[in-house]
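> Sharing a structure, written as structure tokens. Questions coming.
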Amino acid sequence: MSDAVTFRAMTEADLDAVLKIEYAAFSHPWTRGIFLDALKSYEIWLMFEGEQQVGHGVVNVIIDEAHLLNITVKPESQGRGLGLKLLEQLMRRAYEMDARECFLEVRASNGPAYRLYERYGFNEIGRRRDYYPAVGGREDALVMACTLVD
Numbered sequence: 007m008s009d010a011v012t013f014r015a016m017t018e019a020d021l022d023a024v025l026k027i028e029y030a031a032f033s034h035p036w037t038r039g040i041f042l043d044a045l046k047s048y049e050i051w052l053m054f055e056g057e058q059q060v061g062h063g064v065v066n067v068i069i070d071e072a073h074l075l076n077i078t079v080k081p082e083s084q085g086r087g088l089g090l091k092l093l094e095q096l097m098r099r100a101y102e103m104d105a106r107e108c109f110l111e112v113r114a115s116n117g118p119a120y121r122l123y124e125r126y127g128f129n130e131i132g133r134r135r136d137y138y139p140a141v142g143g144r145e146d147a148l149v150m151a152c153t154l155v156d
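Its first residue numbered 7, the sequence shown is counted upward by one per residue in the working numbering.
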């Protein structure tokens, strides 16, 4: 039986643990400075499996619109449905804050993330050319949107 998955809001004391996961998961991770700024303005949630921190997510809500800015699951914990649990938590929080639609960008090359968002109910609505830094240049972002329901 797997350990229960729980969530709690991030504090500045969590920064080192968050950065460790972020840097393990991405070729172009968010920096300490980005997370410090995000803590002032956005909802940042940590995900735990038992006592172990296995992921984090960042969502920004402005009036009735949410923007998913970051969702990260520790590489060795990926492929077990934790990303979906984290996404559900973030969308639940956004809904509680009166968001009724959520937008996100995902790297065009990130098939697993794209499928996760699709599974949740996001639809591709556009493309931002050269949005992300990439090894040897830039990469397009696919823009996705989802209506949030209770």
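Where is the CB? At the ideal position from N, CA and C, for every residue including glycine.
Treat the numbers as computed from the prediction; the structure is a model and nothing was measured.
1) State the Cα-Cα distance for the pair residue 88 and residue 16, rounded to the nearest angstrom.
2) Determine the closest residue to residue 71 out of 51, 29, 99, 23, with distance taken between C-alpha atoms.
3) State the Cα-Cα distance for the pair residue 151 and residue 133, rounded to the nearest angstrom.
4) Return the bridge partner residues of residue 116 from the DSSP annotation.
5) What would DSSP say about residue 41, mapped onto helix, strand or coil?
6) At the level of alpha carbons, what is the spacing between residue 46 and residue 18?
7) Counting along the chain, where does the alpha helix (DSSP H) carrying residue 27 start and finish?
8) Between the stretch 106-117 and the stretch 136-152, do at least 3 Cβ pairs fall closer than 8 Å?
9) Identify whether residue 10 lies in helix, strand or coil by the three-state DSSP scheme.
10) Could you compute how far the alpha carbon of residue 80 sits from the alpha carbon of residue 139?
11) Would you kindly check if the distance between the Cβ of residue 58 and the Cβ of residue 23 is under 8 Å?
This is what the structure gives:
1) By one-based count along the sequence shown, residue 88 stands at place 82. By one-based count along the sequence shown, residue 16 stands at place 10. In this structure, the alpha-carbon of residue 88 lies about 18 Å from that of residue 16.
2) By one-based count along the sequence shown, residue 71 stands at place 65. Of the listed residues, the one whose Cα sits closest to residue 71 is 99.
3) Looking up residue 151 in the sequence shown gives position 145. Looking up residue 133 in the sequence shown gives position 127. If I take the Cα positions, the gap works out to 12 Å.
4) By 1-based counting over the sequence shown, the position of residue 116 is 110. Residue pairing from DSSP leaves residue 116 without any beta-bridge partner.
5) The residue you call residue 41 lines up with position 35 of the sequence shown. Three-state DSSP puts residue 41 in a helix.
6) Locating residue 46 in the sequence shown gives position 40, where the first residue counts as 1. Locating residue 18 in the sequence shown gives position 12, where the first residue counts as 1. Between residue 46 and residue 18, the C-alpha separation is close to 10 Å.
7) For this step, residue 27 is matched to residue 21 along the sequence shown. That run of the alpha helix (DSSP H) goes 21-31.
8) Contact between the stretch 106-117 and the stretch 136-152 is present: 3 or more CB-CB pairs across the two stretches fall below 8 Å.
9) Here residue 10 corresponds to residue number 4 of the sequence shown, with the count starting at 1. Of the three classes helix, strand and coil, the one that applies to residue 10 here is coil, per DSSP.
10) Mapped onto the sequence shown, residue 80 falls at position 74. Mapped onto the sequence shown, residue 139 falls at position 133. Spanning the two alpha carbons is a distance of roughly 21 Å.
11) One-based indexing of the sequence shown puts residue 23 at position 17. One-based indexing of the sequence shown puts residue 58 at position 52. Not a contact, by the Cβ cut-off of 8 Å.
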